[in-house]
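Protein chains in written order, with the working numbering: chain P, 1 to 408; chain L, 409 to 816. Okay, structure first, notes after.
Protein chains: 2
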Amino acid sequence: MYPQDKALQDFLFETLKNVAVLFGFASYDGPILEDIQIYLNKTSKELVEKQTFQVQDKKDQTLILRPEMTPTLARMIAKKAGELTFPLRLFNLGLRFRYEAPQKGREREFYQADFDLLGSAYVLADMEILAVAIAIFLSLGASKNDFILYLNSRSFMEQKLEGFGIGKKDMKTILNLIDKQDKIDEPTFMKLLQEVGIGSSVINDLQSFLTKPLSPAADPYFTRLFSYLKNYGIDSYCQINPNIVRGLDYYTGLVFEVKEKGGTMRALLGGGRYDNLVSSFDSKLSIPGVGFATSDVVLMEFLKEKGLIPKVKPNTSQVLITVLGEDMVPSCVEIAKLLRSNGISCELYPSSNRKLDKQLKYADRQNIPFAIILGPEETQKGIVKVKDMKTREQKEVKKEEVVKILKS
Amino acid sequence: MYPQDKALQDFLFETLKNVAVLFGFASYDGPILEDIQIYLNKTSKELVEKQTFQVQDKKDQTLILRPEMTPTLARMIAKKAGELTFPLRLFNLGLRFRYEAPQKGREREFYQADFDLLGSAYVLADMEILAVAIAIFLSLGASKNDFILYLNSRSFMEQKLEGFGIGKKDMKTILNLIDKQDKIDEPTFMKLLQEVGIGSSVINDLQSFLTKPLSPAADPYFTRLFSYLKNYGIDSYCQINPNIVRGLDYYTGLVFEVKEKGGTMRALLGGGRYDNLVSSFDSKLSIPGVGFATSDVVLMEFLKEKGLIPKVKPNTSQVLITVLGEDMVPSCVEIAKLLRSNGISCELYPSSNRKLDKQLKYADRQNIPFAIILGPEETQKGIVKVKDMKTREQKEVKKEEVVKILKS
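Printed below as a string of structure tokens:
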């Protein structure tokens, strides 16, 4: 990741951090190398066994390179629950790893931003989390035509499936199949449902349910959530979609995904409510939570596809101090010291035998806006020349006034 | 890393980034999982074999969790040398991993900041790098009494050792022994020197050389470097020390370390000149470089020991919007929307059945400076109450003036 790409990543990171600040989320972090135990039973087994990099530490414990942040967060919350103040709004921006062959939009190492609101089971917390998700896309310059937030509820789905006659024991399997629908074709989906052992009338009911749009009136939870979303003015970004169930086992209520409108079906952001996750680390604790994650890789692809990549440039000095011969070094070094101690970023050209035009050409290529020229003649007069690299104008300035001129 | 510690780490990261900006260094990054090949022959074998975490990717290639950044940087420079503009100032702040039992000041995962100046073999580039190193400590609030920068030159040392009669074949071994001196006692050091097969008169010469201080007059390189350091006003932070050689094989000239004055002997920062590293990736290229690295773990310990830990607090909202009953939610949500769209960070208390004093207590505990109180009475009057949590004063403010009041 060369400076130009890094500058773009930094723009994305700054945007995410600014949203965190605006919504009152505090930064935290955890280890990259995590004990494998915290993922087992909490994340889908597939993710742990097939999709993570594993290493042994010096005590022969198995560590994995964290594939996601939520289990780490739940462990951390469980450990210090007594000292923390709830409701708690937490933000992490950090590396995640997945053991897979790299493909478009899926890298083996990438950054994820996680936003979590802990300590409230109230619908208003769900609305706040959805507002954060939408704020990210709006801050990145996207509009209603670019993205949509699909949402659903795990508890609503479980009720619904029960109503169709699906028993508790098949619930998880059926929800996982619904989650995988967009990766398989219709006949395969049907075949897999049959294999679970569900009757064809139940399959028909399920099929027709999954293909029909749902209105907020479908469930009191949705009704209330949508009234809050409407109060916030973001209901039109959201749509209830019975096909959204999310792959992770720990979700209990709201589940949601942001998808690109008219683009790939890959989720740009995903999350939900996980009311029992903290208690799985300490059964005496009952700390509900709701949150989501999004990654730099998918967001960057989204921005590219929508033509939303901003013009950013890598950091460069404000001033190049040219060095015209060994004799001039002391004066040049003093100017560098003077500028930096006044907060003006600058660099000394690190060669004394390169001609002035070569040095100025370097300033041009690096987009450095000003150059200071300081030869024997200037030293004698007690001045320096300040050259504006854009206009090519140069001014003779008294040494002691350089800072003032450059700051104006 | 809970919010309080993370806020402290963020302060450190910001300080490092600000120094990078001031000296014109552009940010870059590389992968955490690196091909093991780029370390072999370039780093000490010990580091690669014993001190790194290794994983296999899906193509059965061995990857290691990067223990340092310089080989990645050299590979990246070699790959795009034709497109890059030199001299090039590069900065990375990222994770590094070491396979070792965690101990004080040495964690298995930590952040390192790397500063590198590529494309100049000139002494002024060495001075600039040393100025950056010193600027970091001064920016962190440290003074001359807290730290010292020891420097030496690999080429000077090689000449010197040759002068004592040490042959080319023993050079690397002897330099490595000098590097390890502070971890072993005097008799062990002597014994190990004898084991290399060096005569006792040579050992005596070496011993007496290593224990005597060196002045800048010892070598023309030092003379010139110190004259530049003096021009910059930082010569008094620096001292030539023949015992500093650094452990990595790729250094060719300047080597240096910052150490705590009157504290542990552990280096707080270390680096040097590596003029042949890029050509080891592409023999047609000759791109000299000089740089250093420092880590969050050692810097944080240094700040603690010197009482330089600043008061920082995790991010919190500027305003808590209290929610006094389900009926009030629409008005509260509208206020949240209004504040955020005006750049004022705020949060909705995510419960409607908690008493006002409980909600205000939460604002106190989270250090949230303002609370907005909005009950049925206020709604009727078209106002909100803005409470200053420090002074406990509260003002009645018209809804449309809330933003103005909070921004003033």
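Even glycine gets a Cβ: it sits at the ideal position worked out from N, Cα and C. Just so we're clear, the structure is a prediction, and the values are computed from it rather than from any experiment.
Under the three-state reduction of DSSP output, T294 (chain P) falls in the strand class.
In this structure G165 (chain P) does not touch V196 (chain P) by the C-beta definition: roughly 12 Å separates them, more than the 8 Å allowed. Bounds of the beta strand (DSSP E) holding V397 (chain P) are Q394 to K398.
Those residues of the segment 54 to 82 of chain P placed with their C-beta closer than 9 Å to a C-beta in chain L are Q54, V55, Q56, D57, K58, K59, L63, L65, M76 and K80, ordered along the chain. Between K387 (chain P) and E393 (chain P), the C-beta spacing is below 9 Å. Within 10 angstroms of the beta-carbon of E536 (chain L) lie 16 or more other beta-carbons, which makes it buried. According to DSSP, A267 (chain P) shares a beta bridge with P:K259. Distance from the CA atom of K766 (chain L) to the CA atom of N775 (chain L), rounded to whole angstroms, is 14 Å. Put simply, the CB of R365 (chain P) is near chain L, with a gap under 9 Å to one of its CB atoms. Leaving aside the five residues that flank T223 (chain P) on each side, the residues in its chain whose CB is nearer than 7 Å to its CB run, in chain order, P216 and A217.
A Cβ-Cβ separation of about 4 Å places A78 (chain P) in contact with F281 (chain P) under the 8 Å criterion. Between I542 (chain L) and the set L:P718, L:C646 and L:Y757, the nearest pair of CA atoms involves L:C646. Along the segment 434 to 445 of chain L, going in chain order, the ones with a CB nearer than 8 Å to a CB of chain P are A434, S435, Y436, D437, G438, P439, I440 and L441. The segment 573 to 654 of chain L is shown to contain whole alpha helix (DSSP H) runs of 4 or more residues at 576 to 588, 594 to 604, 608 to 619 and 628 to 640, in chain order. In this structure, the beta-carbon distance from V531 (chain L) to L633 (chain L) falls below 9 Å.
In this structure, the CA atom of I184 (chain P) is about 15 Å from the CA atom of T264 (chain P). When only Cα atoms are considered, I446 (chain L) and T480 (chain L) end up about 7 Å apart.
Interface criterion not met: the Cβ of K580 (chain L) is under 9 Å from no Cβ in chain P. Per the DSSP secondary-structure output, N92 (chain P) pairs in a beta bridge with P:D114. With the criterion set as a beta carbon lying under 7 Å from some beta carbon of chain L, the members of the segment 298 to 319 of chain P are P314, N315, T316 and S317, in sequence order.
Residues of chain L with a Cβ closer than 8 Å to the Cβ of K6 (chain P) are, in chain order, A434, S435, Y436 and D437. If you draw a straight line from the Cα of K769 (chain L) to the Cα of Y221 (chain P), it comes to about 29 Å.
Close to A428 (chain L), with beta-carbon spacing below 8 Å, are these residues of chain P in chain order: N315.
DSSP places E570 (chain L) within a helical segment (H, G or I) once states are collapsed to three.
Shortest Cα-Cα distance from K414 (chain L) to any of P:Y349, P:M300 and P:A26 involves P:A26. DSSP, read as helix, strand or coil, puts V55 (chain P) in strand. Taking a Cβ-Cβ threshold of 9 Å, none of the residues of chain P is close to L420 (chain L); the smallest such distance is about 13 Å.
Remark: C-beta atoms of I652 (chain L) and L716 (chain L) do not approach each other more closely than 9 Å. Under the 10 Å beta carbon count, R365 (chain P) is surrounded by fewer than 16 other beta carbons and is classified as exposed.
The beta carbon of R681 (chain L) sits no closer than 9 Å to any beta carbon of chain P. For K745 (chain L), the chain P residues whose Cβ falls inside 9 Å of its Cβ are A131, N231, Y232, G233 and I234, in order along the chain.
From the beta-carbon of S351 (chain P), the residues of chain L found nearer than 7 Å are S528 and Y530. Ranked by Cα distance from G253 (chain P), the options P:K261, P:L12, P:G262 and P:P242 are led by P:P242.
Following the DSSP letters along the chain, one finds L40 (chain P) in no beta strand (DSSP E), marked with neither H nor E. When only Cα atoms are considered, Q726 (chain L) and L88 (chain P) end up about 15 Å apart.
By the rule that beta-carbons nearer than 9 Å mark a contact, Y770 (chain L) touches chain P.
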